[in-house]
Structure formats: C-alpha cells, structure tokens
Amino acid sequence: MVDPRLNIINERLAKIGKIIAVSSGKGGVGKSMIASTLALALSRRGYKVGLLDLDFSCPSTHVILNIEGLYPEEEKGIVPPEAHGLRYMSIIYYARDKPSPLRGVDISNAIIELFAITRWGSLDFLVIDMPPGIGDATLDMIRFVKGISFLIVTTPSKVAFETVRKLIQLLKDLKVPTLGVVENMKMRDSLFIREQVERLAVPFLGEINFDYKLEDSMGDVKKLLETEFAQSVKEIVSKQL
Amino acid sequence: MHEWALAEAVVSTSVRIAEEKGLKEITELKIKIGELQQIDQEIFEFALSQLRSPLLKNTKFSFETVKAELKCRVCNHKWRFNTKNINEGVSEFIHFVPEIAHTYLKCPKCSSPDFEILTGRGIWLDSIKGVK
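Protein sequence lines, in the order shown, are assigned to chains A and B. Heads up: the first sequence begins at 1 in the numbering used here, then just goes up one per residue. Heads up: the second sequence begins at 242 in the numbering used here, then just goes up one per residue.
So, in structure tokens, the structure goes:
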C-alpha cells in the first residue's frame, strides 16, 4: 500500500521561494521568538511570508503574535489565514488551548497531513518554527521538504551549544543546507559560540543580546518590532538572508 | 473540500506509479480510506472525476472504508471510534488532522489520551491495475 499524501507535499510547496526551518537542539533558546520576528521582519521588507508553527505539543507563536479567532479557509484543501501580513498555520486551529500529547508516529502523520492539505500559494519565504531536538519533526522536514534550509538558534550556554553541535552534525551528514547559527540571549561578551560555530565551518549569523523588555511585547506585534531584540533580528535579515 | 486535496494526492501518486511501471492506462484503482479521516466519499469521488488525467480517464475506482480501532497504551483497552460521542466541531478538527483525536478523545476505561490508532487512519492506494 502507498500513502498518496507523501507524493503531493512538494507540489504544495512548489511556489515557495525559500523555506527556513528555525531550529535548535534545545528548548527555551528563543526559536519561536526568532521565527515569529524573522517572519514579520521579512514581511515588513515587502516579501510574501508564511509562518508555520510545527511544534504540535507546545505551540507558542500564536501567543507571541496574539493570534485568536482565526480559522483556515477550506478551498480544495486548507488555506492558512492571514495574520499581521503573514500566512499563518498552526495546530492551535484544531487543538485550541488543549494539550496534544502526540507520540512519534502521530507527530509524523500529523505533519504529513498538514503538508499534504495546506495550500500556501506563492510565497517568497516560509518560516517554520520547529520543535526542539533532532526528532521526528526535524527528520520529517529533511525527508519531505526539498530545498529546506536550517537557521539554528543557540544561547551562549555550553549546554545549549552541545545540543546544537549535534544538530549541525546531523544536517552536515545528511547534506542539508544550514543558513547558519544565531546566538540568542547574550548577556556578556564572549567569543565562545562564534569560535565554536566557525570551527564547525558553519556561518555565524549574528548575536542577539538578552532583551529584558521583550516579555512586555508578548502579543503586541507593533511593540515587538520596536524591541532591541527585533532590531537585532532585522540586522541579521538585512545582512545575512 | 479537504477531500479535494487528498484526491489530488491520489491522482498525482497513481500517475507517478503508472509512469514508473510503464502503464499507458490505469484500469483499476483500489483506495482504502481510514474511518478516522471522515472523508465524504461523494465529494472525494467527484474530485477524482474532475481531476482525471489522460492515464485515468477509464479507471474504475473502488473504495474501502477501514474502521477506526483504538487501543489504550496504559490499560490495553480497545475501542471503536464513534462520531456519535463527539461534537461536530471536534469531529471536523479530527477530519482535518486525525491525530487531533489525541487532543479530544480519551480511553473510555481509564481516561488516558495515550492511545494507539490501530486501524482506520489515513488514505492508501491499495492496488493499481493497468495496461502497458
């Protein structure tokens, strides 16, 4: 028996210029903040941008962007609704605020289903907020999505970077393009992460200082785009992407 | 019209398989549909009829619905998916992403959401027949 959904995925993504998976080996390093802000920053530069929250167990971009009351339109599949200028897709449309305890095989199946039925249309960028780690979602993105590239997020912590090192190694082994590494939540001068990244022959995209005011901008896109954090993301966008 | 997206997947995949096998025409296509998917077969068949490529113009489609059976990983209880026990909204959510069942359904015996979908999930091309 053949699962026909697998064959249609790349047709669904055919009109997307660049697909960026914002990823990390570790949780809590700011992937969702960076993915959301990156999508907004690209959109504000005039690009057509989609944002997909692929963290089915713990989605959070809808909180960052204050997305409520939206639901995908049904048109020969599902069409992600627009929020803040982004085509936005997340499991929250269906799970609402309830927990979705999914095991590996279910995560894979849900990913395949969403990719098979979602009609993104033509986009310049699709930003994917990945769940942490190198598990099902990462392996599925590598398996299904041709032309995907990874933007990797770490903090200055050696613990975080140790998990990132493994992600970089996996991507290298599988010959998956890595845009580079962003060092987030920086609190003091240190070249440790930059040196480590350069040693792995991966681009160091830039650093983002810990922004104490960032939490005050949760759910307020205008405020978010005015934060120092967003300024740093915008600099990375203009210099590196 | 989520059925349309799945019909496109069926057509695209069967054409690819036919091309790989050097078939000039697909004469018969058997499709298995998981009950959990809650496909409206009428819409699905209509979409297939509209999407027919030259390879599929004389194809006889047959459909089999596979009952959804669930098994609790905690207490091993098995039960059947039944839309009568859930509201319309939840039913629609499961229709779009069947794994959402884990968000809304619980084991009727021990209330755990940690269950396995033994059968009745997804859509499958069961067999393809054609002429070379």
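Beta carbons: idealized from backbone N, C-alpha and C, even for Gly. Treat the numbers as computed from the prediction; the structure is a model and nothing was measured.
Within 8 Å of any Cβ in chain B, is that where the Cβ of residue i sits?
i	result
residue 7 of chain A	yes
residue 77 of chain A	yes
residue 209 of chain A	no
residue 36 of chain A	no
residue 4 of chain A	yes
residue 114 of chain A	yes
residue 39 of chain A	no
residue 106 of chain A	yes
residue 47 of chain A	no
residue 10 of chain A	no
residue 187 of chain A	no
residue 88 of chain A	no
residue 95 of chain A	yes
Would you please verify whether the beta carbon of residue i is less than 8 Å from any beta carbon of chain A?
i	result
residue 363 of chain B	yes
residue 251 of chain B	yes
residue 366 of chain B	yes
residue 318 of chain B	no
residue 259 of chain B	no
residue 340 of chain B	yes
residue 347 of chain B	no
residue 273 of chain B	yes
residue 354 of chain B	yes
residue 254 of chain B	yes
residue 309 of chain B	no
residue 344 of chain B	yes
residue 334 of chain B	yes
One question on the structure: do residue i and residue j come within less than 8 Å of each other, judged by their Cβ atoms?
i	j	result
residue 314 of chain B	residue 356 of chain B	yes
residue 334 of chain B	residue 94 of chain A	yes
residue 270 of chain B	residue 369 of chain B	yes
residue 107 of chain A	residue 161 of chain A	no
residue 362 of chain B	residue 247 of chain B	no
residue 48 of chain A	residue 122 of chain A	yes
residue 202 of chain A	residue 163 of chain A	no
residue 105 of chain A	residue 51 of chain A	no
residue 243 of chain B	residue 78 of chain A	yes
residue 166 of chain A	residue 193 of chain A	no
residue 34 of chain A	residue 159 of chain A	no
residue 292 of chain B	residue 249 of chain B	yes
residue 18 of chain A	residue 125 of chain A	yes
residue 266 of chain B	residue 371 of chain B	yes
residue 272 of chain B	residue 304 of chain B	yes
residue 130 of chain A	residue 23 of chain A	yes
residue 284 of chain B	residue 2 of chain A	no
Distance, Cα to Cα, residue i vs residue j?
i	j	result
residue 358 of chain B	residue 137 of chain A	19 Å
residue 219 of chain A	residue 101 of chain A	25 Å
residue 289 of chain B	residue 337 of chain B	19 Å
residue 156 of chain A	residue 225 of chain A	23 Å
residue 199 of chain A	residue 36 of chain A	29 Å
residue 332 of chain B	residue 236 of chain A	43 Å
residue 39 of chain A	residue 340 of chain B	27 Å
residue 91 of chain A	residue 212 of chain A	29 Å
residue 169 of chain A	residue 256 of chain B	37 Å
residue 209 of chain A	residue 184 of chain A	6 Å
residue 230 of chain A	residue 16 of chain A	24 Å
residue 348 of chain B	residue 318 of chain B	7 Å
residue 327 of chain B	residue 342 of chain B	10 Å
Among all the DSSP beta bridges, which residues are the ones paired with residue i?
i	result
residue 104 of chain A	For residue 104 of chain A, which the question treats as bridged, DSSP gives no partner whatsoever.
residue 350 of chain B	Residue 350 of chain B pairs with nothing; no bridge assigned.
residue 245 of chain B	Residue 245 of chain B is not bridged to any residue.
residue 91 of chain A	In DSSP, residue 91 of chain A forms no bridge with anything.
residue 273 of chain B	B:305 and B:365
residue 371 of chain B	B:267
residue 360 of chain B	B:310
residue 148 of chain A	A:19
Check: Counting only runs that start and end within the region 153–224 of chain A, where is the beta strand (DSSP E) found for 3 or more residues in a row?
Finding: The beta strand (DSSP E) runs lying completely inside the region 153–224 of chain A and spanning 3 residues or more are 178–186 and 204–209, given in chain order.
Item checked: Segments of 4+ residues assigned as alpha helix (DSSP H) that fall wholly inside the region 13–89 of chain A -> Taking 4 residues as the shortest admissible run, the region 13–89 of chain A contains the following complete alpha helix (DSSP H) segments, listed from N- to C-terminal end: 31–44 and 61–64.
Item checked: Every unbroken beta strand (DSSP E) inside the region 299–328 of chain B [3 residues or more] -> Fully enclosed beta strand (DSSP E) runs of no fewer than 3 residues occupy 301–307, 310–313 and 319–321 of the region 299–328 of chain B, in order along the chain.
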